[in-house]
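Numbering (this note's numbering), first residue to last: 2 to 112.
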């Protein structure tokens, strides 16, 4: 879903100094793409290295415990544990989502 800003929803300027669409007609500036807009995007190499590290090192003890709680359908307790270990609720929710997908993949691989 693409959300439009207020500026995009407004009608173009009419060139008059009165009325709903008052204002001088100008061509909008197109700013260059900033490197900071890429922040947080995963590169192929970084995600590959992370997957290899995960494969070799396995899960942290708290992650194994959270996965065990999720398997036993103690979701709230798992969220609380993840929040205590990770600091924020948003990080905990992301970790829970990731671990549930890992559990589902392992179940698919077992069958």
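The beta-carbon is built from N, C-alpha and C at its ideal position, and this holds for glycine as well.
Worksheet item: With 16 as the cutoff for other CB atoms within 10 Å, does residue 93 come out buried or exposed?
Response: buried
Worksheet item: With a CB to CB cut of under 6 Å and the five nearest residues on each side skipped, what residues in its chain are close to residue 86?
Response: 63
Discussion item. Assuming residue 105 and residue 96 are in contact, meaning their beta carbons sit under 8 Å apart, how far apart are those beta carbons, in whole angstroms?
Written reply: Not confirmed; about 15 Å, so no contact.
Worksheet item: To which residues of the same chain is residue 23 closer than 6 Å at the C-beta, ignoring the five residues directly before and after it?
Response: 17
Worksheet item: Just how far apart, CA to CA, sit residue 41 and residue 70?
Response: 30 Å
Worksheet item: Are the beta-carbon atoms of residue 11 and residue 25 separated by less than 9 Å?
Response: no
Worksheet entry | Cβ-based neighbour list, residue 116, same chain, cut-off 7 Å, excluding 5 preceding and 5 following | What the structure shows of the chain is the stretch from 2 to 112, and residue 116 is not part of that stretch, so it cannot be assessed.
Worksheet item: Taking buried to mean at least 16 other C-beta atoms within 10 Å of its own C-beta, is residue 67 buried or exposed?
Response: buried
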